[in-house]
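First up is the structure itself, then whatever we jot down about it.
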């Protein structure tokens, strides 16, 4: 950052573009692993990488070129979800990433142990009419038509839905993993395993 006189966001964009320019290094490194290995790529959260420039989409395409099955998992903090305007903004960001990356997409609410569960469930189950009403109270009519249209589109077409995840609840983690496995069809190409043939006693019924 000091050498190139970049700010934090500019430096991050530079790093991702540098990675893309040298993507063959990453491809060669990944090809050394087994075909059924499972990778988690912790990607930067800056929206510029997904909405303004095509760098992340090109990284995805480079991984797909070496037969990687990829799903995008968008994480949003539960403390943001319980705030309706932030929840709407987060949903729009998720939708932007979904359109840009063109991948199977899963949205996960993290840190659910930090908020009231009933309040979180209420927000996640909220319809567009209730969301518009809450947004109208917060904005006092400003941009109310635009806000209403955005809420209606997201709700009516079921464009964005969320899976809650609590690190203290293994069932929620397992559910996220199962959804991810399903969308990337993980394990479908593996050789089926057969149990050893059991010895059969000819004197037993059906033996």
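Residue numbers (our numbering): 451 to 657. Glycine included, each C-beta is placed from N, C-alpha and C at the ideal position. Model, not experiment: these values are computed from the prediction.
Would residue i and residue j qualify as a contact pair, given that the criterion is a beta-carbon distance under 9 angstroms?
| i | j | result |
| --- | --- | --- |
| residue 502 | residue 556 | no |
| residue 477 | residue 534 | no |
| residue 635 | residue 507 | no |
| residue 545 | residue 604 | yes |
Return the Cβ separation of residue i and residue j in integer angstroms, given the expectation that the two are a contact with Cβ distance under 8 angstroms.
| i | j | result |
| --- | --- | --- |
| residue 553 | residue 522 | 5 angstroms |
| residue 550 | residue 500 | 5 angstroms |
| residue 468 | residue 454 | That pair is no contact at about 11 angstroms. |
| residue 496 | residue 462 | 6 angstroms |
| residue 473 | residue 509 | 7 angstroms |
| residue 480 | residue 516 | 7 angstroms |
| residue 612 | residue 564 | About 16 angstroms separates the two Cβ atoms, so there is no contact after all. |
| residue 601 | residue 581 | 5 angstroms |
Would residue i be called buried (16 or more neighbouring beta carbons within 10 Å of its own) or exposed?
| i | result |
| --- | --- |
| residue 610 | buried |
| residue 547 | buried |
| residue 648 | For residue 648, the predicted structure reports a pLDDT of 45, less than 50, and the residue's modelled location is therefore unreliable. A value from the coordinates is still provided. Counting Cβ neighbours within 10 Å, residue 648 comes out exposed, since fewer than 16 surround it. |
| residue 460 | exposed |
| residue 488 | exposed |
| residue 617 | exposed |
| residue 570 | buried |
| residue 466 | buried |
| residue 637 | exposed |
| residue 540 | buried |
| residue 608 | exposed |
| residue 657 | Residue confidence for residue 657 is low, a pLDDT of 45 falling below 50, so the modelled location carries little weight; the figure read from the coordinates is stated next. Flag for residue 657 reads exposed. |
Over the uninterrupted beta strand (DSSP E) stretch that includes residue i, give me the two end residues.
| i | result |
| --- | --- |
| residue 559 | 555-560 |
| residue 526 | 522-527 |
With respect to the alpha helix (DSSP H) encompassing residue i, which residues constitute its N-terminal and C-terminal limits?
| i | result |
| --- | --- |
| residue 489 | Run containing residue 489: none; DSSP gives neither H nor E here. |
| residue 468 | 458-471 |
| residue 546 | 534-551 |
| residue 577 | That residue, residue 577, is in no alpha helix (DSSP H); it is neither H nor E in DSSP. |
| residue 563 | Segment: none, residue 563 is in no alpha helix (DSSP H) and carries neither H nor E. |
| residue 595 | 594-606 |
| residue 633 | 620-634 |
| residue 501 | 498-501 |
| residue 512 | 505-514 |
Is residue i near the ligand FAD, with its Cβ less than 8 angstroms from a heavy atom?
| i | result |
| --- | --- |
| residue 630 | Judged by which ligands are present, the structure shown has none, so any question about the ligand FAD falls away. |
I want to see whether chain D comes within less than 9 angstroms of residue i, judged by CB atoms only; does it?
| i | result |
| --- | --- |
| residue 495 | Among the chains of the structure shown, chain D does not appear; only one protein chain is present. |
*Taking contact to mean at least 3 C-beta pairs separated by less than 8 angstroms, is the region 559-579 in contact with the region 521-539?*
Three or more pairs of CB atoms, one per stretch, sit closer than 8 angstroms, so the region 559-579 contacts the region 521-539.
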